[in-house]
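Chemist:
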Amino acid sequence: MTATLAPEKYDEVQEALKDVMDPELGINVVDLGLIYDLSWDDENDALVIHMTLTSAGCPLTDVLEEQTAQALDEVVERFRINWVWMPPWGPERITDDGRDMMRALGFAI
Numbered sequence: 001m002t003a004t005l006a007p008e009k010y011d012e013v014q015e016a017l018k019d020v021m022d023p024e025l026g027i028n029v030v031d032l033g034l035i036y037d038l039s040w041d042d043e044n045d046a047l048v049i050h051m052t053l054t055s056a057g058c059p060l061t062d063v064l065e066e067q068t069a070q071a072l073d074e075v076v077e078r079f080r081i082n083w084v085w086m087p088p089w090g091p092e093r094i095t096d097d098g099r100d101m102m103r104a105l106g107f108a109i
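With my numbering, the residue at position 33 of the sequence shown is 33, and numbering never jumps.
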């Protein structure tokens, strides 16, 4: 069973996840809108990251999991990523900061 994270912990985790970069775009997973939700698994005493990818066929899940482990090293002891495919990711999920980063890279957003 999962529970809602306290607002302070949610913010701390979200800030740490900004160190996780999409390997293809070089923009963090938070500002790309890849993080759908954060919750806590009481049974396993672990953070659950509900996350998607820009495409379901992306072969880089291992890279993202490794970066996530490094980013959360001082924040939580255990986590797991719940890969979510519905609803599918779309550019409307990109934050304003993410849009600025995309434009800086030459993308028309």
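Ideal Cβ positions, reconstructed from N, Cα and C, are used throughout, including at glycine.
#1: What first and last residue would you give for the alpha helix (DSSP H) that runs through Met102?
#2: Looking at the secondary structure, which residues open and close the beta strand (DSSP E) in which Ala3 lies?
#3: According to DSSP, Trp83 sits in a beta bridge with which residue or residues?
#4: Please say whether Leu47 and Leu53 have beta carbons closer to each other than 8 angstroms?
#5: Could you check what DSSP says for Leu110 in three-state terms: helix, strand or coil?
#6: Going by CA-CA distance only, name the one from Ala69, Trp89, Met101 that's closest to Ile81.
#7: How is Ala46 classed by DSSP in three states: helix, strand or coil?
#8: Kindly list the residues whose CB is nearer than 8 angstroms to the CB of Tyr36, restricted to its own chain and excluding five residues on each side of it in sequence; keep chain order.
#9: What does a CB cutoff of less than 6 angstroms around Val67 pick up in its chain, not counting 5 residues either side in sequence?
#10: Should Gly26 be labelled buried (16 or more other beta-carbon atoms within 10 Å of its own) or exposed?
Modeler: According to the structure data:
#1: From DSSP, the alpha helix (DSSP H) with Met102 extends over 96-104.
#2: Segment 2-4, the beta strand (DSSP E) holding Ala3.
#3: DSSP lists Met51 as partners of Trp83.
#4: In this structure, Leu47 does not lie closer than 8 angstroms to Leu53 by Cβ.
#5: No statement about residue 110 is possible, as the shown extent of the chain runs from 1 to 109 and does not include it.
#6: Residue Ala69 is the option with its Cα nearest to Ile81.
#7: Three-state result, Ala46: strand.
#8: Sequence-distant Cβ neighbours of Tyr36 in its own chain, meaning closer than 8 angstroms and more than five residues away, are His50, Met51, Thr52, Val84.
#9: One detail in the question is off: residue 67 reads as Gln in this sequence, not Val. If we look at Gln67 and ignore the five residues flanking it on each side, its Cβ neighbours are Val20.
#10: Per the 10 Å Cβ criterion, exposed.
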